[in-house]
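Just below is one structure, and these are the notes that go with it.
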Amino acid sequence: MNETLHAIVNAVLFKAQGPVLAYFMAVNGWYLVLLVSSLLELRRHMLLITDESRHLLLSSTLSPTISILAPAFNEEATIETSLRALLALQYPNLEVIVISDGSKDRTVQVLIERFDLVPVKTIYEQRIKTKPVRTLYRSSTYPALAVVDKENGGKADALNVGLSFARGELVCAMDADTLIEGDGLQRMVRPFLYATDVVATGGTIRVVNGSEVKHGRVVRASVPTHLLAGIQVVEYLRAFLFGRLGWNRLGGNIIISGAFGLFQREAVVNSGGYLHDTVGEDMELVLRLKRLSYENGGPGKIAFVPDPVAWTEVPESAKVLGRQRDRWHRGLADVLWRHRGMMFNPRYGVTGLFVFPYYLFIELLAPVIEVIGLAVLILGLAFGMLDWKFAALFYLTAYGLGTALTAFTLLLENISFNRYETFRDRALLFWWALVENLGYRQLTVYWRLRGLWKFVRGRKDWGVMERKGFRPVTAT
Amino acid sequence: MQFTLVNIVMMAEVGLLVFAVALFFVHGALLNFSNRRLARLSMAARESVAALINSGTVNLEELSALEEQPHDVQVVAFLEISRNVTGTGKERLRFIAEKIGVVDRAKKLCEHSRWTKRLRGTRILSRLDVPDPLVLKLLADPHPAVRAQAAEWAAVQPSPEVISAMLTLLADPATQARFAVQNALLRMGGTIAGPLTSFLETHTGRAAEAGLRVAESVAEPSFAPAAQRLSRDDDAGIRVAAAKLLGAIGDAPAAQRLIDMLRDGESRVRAAAANALGRMQYWAAGSLLSDCLRDPAWRVRKEAGLALRAIGAPGTLFLRRALKSDDRFAADMAQQVLDLPAAAAG
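If you want it as structure tokens, here you go:
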């Protein structure tokens with residue numbers, strides 16, 4: 036038995052060393068390309084926005100109308116604060132539609148009481164099939180506010196109902212607990228004003244844990260001292276400032292966070308809206324819009340706005356975080372499977388030839404490759420087939436490269452928006468960047484593998500997200 | 277050999293890591309230092325500028341104190357204050373900026389070979405509302421961001437040459453510049469009526485569509501002939517924009533043309549025409565709008581229903597009649613419109 040295992044490990048080690056090295060170099064080489072690309076893109080963006088006077092240009096009657104779609108499920112504790120912050124957004128032509136997705140708590144009652152809602156009838160065209168709407172309310176004090184009370188059907192269904200009621204040329208899909216910066220919409224709408232081929236824009240989402248929040252706005256950004264939240268700050272910075280910004284320049288963005296994204300309403304409705312039977316409905320919609328633009332023509336550019344525009348609370352418990360990451364990975368697998376026809380297909384340009392393979396081989400299969408690598412490494416060492424010094428150096432190389440990449444991303448944040456201003460915050464950021472490879476990363480590999488396994492078994496449940504709530508401003 | 281290679285890679289990587297970390301912290305420290313310095317100096321500069329604006333006379337001591345400040349600090353102070361002053365305050369701000377050389381330096385930036393510098397210069401002059409013929413050159417700049425910024429600046433100097441250059445930009449291939457120009461023309465108000473009328477009479481395509489959007493907000497009767505002509509354009513987008521303009525002008529020939537447009541082949545044009553007739557509250561079109569409740573396109577039925585409601589009593593009568601229509605779509609739309617609360621229908 037031992038001999039057989041020995042022979043297998045030997046064969047794998049012998050045959051795999053070439054491909055492993057090639058994979059390692061391809062991944063890191065591609066990261067380097069993304070880093071350079073994001074640096075160039077950020078520089079261009081900063082040059083364009085420095086001292087711009089958005090209040091004149093964007094507070095215009097010509098600005099497109101935006102309908103904010105805020106699905107809410109059992110949000111009675113936070114809905115009032117979140118909604119007041121939304122209604123106070125600095126944008127001229129704004130409509131806010133809250134969709135209570137069959138809330139079982141007092142969400143609708145709270146809204147009726149605090150916003151003077153009255154039931155109304157309205158004319159709307161239901162081009163996307165959804166669960167029935169119970170009542171539509173309008174506010175007698177806030178003309179821009181509408182509330183839809185509907186039967187429970189999930190976030191995708193709630194957004195689809197919102198799409199039917201929305202009157203704006205653009206719709207902003209968000210989570211009810213996302214905190215949008217006061218001028219966030221003015222920043223997000225820029226790509227639509229500056230180009231005709233833009234179908235959707237996404238903005239940077241930041242972690243609100245540890246920061247001070249007042250009236251639904253982040254008044255002071257701080258890096259949390261909590262291990263999981265702290266590491267996620269680094270992860271979010273890397274994902275947005277390095278990943279999405281890098282892809283932006285290469286024309287390969289296919290992800291817009293479900294927490295905050297802006298879409299051309301007509302394009303979304305024509306594409307059929309959000310899908311119900313996937314846990315990755317945000318990415319699926321974006322990829323579908325992109326695919327349709329290649330197939331039928333029309334706008335298909337997905338633009339990323341690097342300005343920090345929205346803040347979200349991340350899980351602080353390993354259990355909840357695990358469920359989230361497992362769901363994200365299942366979503367990714369599902370979306371890539373649904374649109375597998377795009378893979379290496381020149382008809383789909385950059386998306387088919389570069390973005391799709393990247394998401395498949397580098398994002399989706401990374402945990403599988405990492406686990407195989409780790410298993411072979413341990414067995415190789417156990418059977419004395421690997422030089423431990425070489426193995427240690429290889430691990431340190433991978434670890435060091437990852438950390439260097441993160442350090443450069445943190446530097447990008449310094450150079451550009453610099454929201455974490457104090458030495459304490461910078462030191463904490465760097466500390467979390469060092470620590471994330473020692474256990475956390477391995478945990479995420481496990482969660483993502485679990486997600487893949489569930490995908491293979493056809494599981495499509497969301498799991499429950501528990502939130503701690505925002506940190507209010509401390510008295511001074 | 278392999279081990280040596282790994283050593284080399286390892287050393288390179290350690291070097292990279294140390295470099296990145298050092299850069300991160302050193303840059304952070306420098307940034308903090310520079311931000312604090314800028315905050316301290318710009319507060320002093322702001323106070324000097326504010327004192328000079330408020331006094332109304334040139335205080336040489338304050339002026340020389342301001343002159344001694346670094347250029348970036350001066351610009352920060354002027355740009356910050358420029359947002360909050362208008363009229364005489366703005367004039368004084370401009371005067372002080374000229375005195376201490378901020379304006380001259382900005383003009384030099386506008387001549388720079390790099391577009392980023394030209395953009396910076398244009399932004400400073402634009403925020404200070406400095407009238408200068410340089411704007412004409414910048415409106416023809418090769419970079420769209422500079423053209424867009426120049427358009428914003430041009431809004432405060434509506435000379436015939438500037439308006440003419442702005443109108444030319446309505447056909448700009450860059451959306452950013454087109455949007456900025458439309459917005460700036462709107463801010464210019466009635467002064468653009470004459471040139472825009474001539475422009476609409478002679479242009480078609482994207483430029484005409486952009487011009488129609490501006491014209492709709494100004495809504496001068498002189499636009500009527502052009503609106504009539506463009507309402508027969510081959511492009512449906514232009515016909516929609518023309519219908520909106522006709523609705524905004526609201527005279528009898530406009531209403532007649534809008535009635536004809538209710539039979540357009542494109543549903544969005546029919547919907548725009550119905551909407552415009554409702555906006556005009558043109559009760560004589562009630563019967564035709566009532567026919568539109570049977571239109572195969574949902575949005576035409578909706579706009580026709582809302583237009584009937586906007587017309588008032590005669591329109592409501594048509595809607596009530598439509599409740600008994602043999603066309604269930606027409607009856608359904610009429611019911612929905614009649615169920616609307618007053619505010620939503622308006």
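Protein chains in written order, with the working numbering: chain L, 36 to 511; chain D, 277 to 622.
Even glycine gets a Cβ: it sits at the ideal position worked out from N, Cα and C.
Residue j beta carbon less than 7 Å from that of residue i
{"i": "E579 of chain D", "j": "A547 of chain D", "result": "yes"}
{"i": "R381 of chain D", "j": "V406 of chain D", "result": "no"}
{"i": "Y475 of chain L", "j": "I266 of chain L", "result": "yes"}
{"i": "L171 of chain L", "j": "V153 of chain L", "result": "no"}
{"i": "G415 of chain L", "j": "L409 of chain L", "result": "no"}
{"i": "L488 of chain D", "j": "A441 of chain D", "result": "no"}
{"i": "I147 of chain L", "j": "A345 of chain L", "result": "no"}
{"i": "D192 of chain L", "j": "K156 of chain L", "result": "no"}
{"i": "L464 of chain L", "j": "V321 of chain L", "result": "no"}
{"i": "L75 of chain L", "j": "Q458 of chain D", "result": "no"}
{"i": "A610 of chain D", "j": "L593 of chain D", "result": "no"}
{"i": "V545 of chain D", "j": "R515 of chain D", "result": "yes"}
{"i": "A460 of chain D", "j": "A416 of chain D", "result": "no"}
{"i": "L310 of chain L", "j": "E301 of chain L", "result": "no"}
{"i": "P420 of chain D", "j": "L443 of chain D", "result": "no"}
Candidates the options: closest to residue i by CA position
{"i": "A576 of chain L", "options": "L:T113, L:V224, L:T39 and L:S246", "result": "Outside the displayed span of chain L (36 to 511) sits residue 576 of chain L, for which this structure offers no information."}
{"i": "V71 of chain L", "options": "L:R454, L:F458 and L:F443", "result": "L:F443"}
{"i": "K325 of chain L", "options": "L:T386, L:F379 and L:D369", "result": "L:T386"}
{"i": "G287 of chain L", "options": "L:A235, L:V254 and L:F295", "result": "L:A235"}
{"i": "Y126 of chain L", "options": "L:T142, L:E111, L:P99 and L:R141", "result": "L:P99"}
Where residue i sits in the DSSP three-state scheme
{"i": "E130 of chain L", "result": "strand"}
{"i": "P590 of chain D", "result": "helix"}
{"i": "I357 of chain D", "result": "helix"}
{"i": "A510 of chain L", "result": "For A510 of chain L, the pLDDT reaches just 43, beneath the cut-off of 50, and the residue's location in the model is therefore unreliable, although a value from the coordinates is still provided. Residue state, collapsed to three classes: coil."}
{"i": "K600 of chain D", "result": "coil"}
{"i": "R399 of chain D", "result": "helix"}
{"i": "L276 of chain L", "result": "helix"}
{"i": "A294 of chain L", "result": "coil"}
{"i": "V285 of chain D", "result": "helix"}
{"i": "F309 of chain D", "result": "helix"}
{"i": "G622 of chain D", "result": "The predicted position of G622 of chain D is uncertain, since its pLDDT is 47 and thus under 50; a value taken from the coordinates is nonetheless stated next. Three-state DSSP puts G622 of chain D in coil, outside helix and strand."}
{"i": "I515 of chain L", "result": "In the structure as shown, chain L begins at 36 and stops at 511. Residue 515 of chain L is therefore absent and cannot be evaluated."}
Interface flag, residue i vs chain D, CB-CB below 7 Å
{"i": "R72 of chain L", "result": "It is Ser, not Arg, that sits at residue 72 of chain L in the sequence shown. Output row for S72 of chain L: interface = no."}
{"i": "V155 of chain L", "result": "yes"}
{"i": "I158 of chain L", "result": "yes"}
{"i": "F277 of chain L", "result": "no"}
{"i": "L129 of chain L", "result": "no"}
{"i": "A345 of chain L", "result": "no"}
{"i": "T438 of chain L", "result": "yes"}
{"i": "Y172 of chain L", "result": "no"}
{"i": "L124 of chain L", "result": "no"}
Minimum Cβ-Cβ distance from residue i to chain L less than 7 Å
{"i": "D567 of chain D", "result": "no"}
{"i": "L299 of chain D", "result": "yes"}
{"i": "P617 of chain D", "result": "yes"}
{"i": "M277 of chain D", "result": "No answer about M277 of chain D holds up, because its pLDDT of 49 lies below 50 and its placement is not dependable."}
{"i": "Q628 of chain D", "result": "The shown model of chain D, from 277 to 622, leaves out residue 628 of chain D, and the question about it has no answer."}
{"i": "A421 of chain D", "result": "yes"}
{"i": "W429 of chain D", "result": "no"}
{"i": "G513 of chain D", "result": "no"}
{"i": "W559 of chain D", "result": "no"}
{"i": "F354 of chain D", "result": "no"}
{"i": "T451 of chain D", "result": "yes"}
{"i": "A495 of chain D", "result": "no"}
Unbroken beta strand (DSSP E) run spanning residue i, endpoints
{"i": "D380 of chain D", "result": "No beta strand (DSSP E) holds D380 of chain D; the alpha helix (DSSP H) holding it covers V378 to C386."}
{"i": "A230 of chain L", "result": "Unbroken run through A230 of chain L: none, as it is neither H nor E."}
{"i": "L124 of chain L", "result": "From DSSP, L124 of chain L is part of no beta strand (DSSP E); its letter is neither H nor E."}
{"i": "K185 of chain L", "result": "L180 to K185"}
{"i": "K249 of chain L", "result": "E247 to K249"}
Limits of the unbroken alpha helix (DSSP H) element including residue i
{"i": "P350 of chain L", "result": "That residue, P350 of chain L, is in no alpha helix (DSSP H); it is neither H nor E in DSSP."}
{"i": "F59 of chain L", "result": "N37 to I84"}
{"i": "V390 of chain L", "result": "Counting along the chain, V390 of chain L falls outside any alpha helix (DSSP H), and DSSP gives it neither H nor E."}
{"i": "T142 of chain L", "result": "T142 to F150"}
{"i": "Y434 of chain L", "result": "W423 to I450"}
Residue-chain proximity (residue i, chain B), Cβ-Cβ < 7 Å
{"i": "M286 of chain D", "result": "The structure shown has no chain B; the protein chains it does contain are L and D."}
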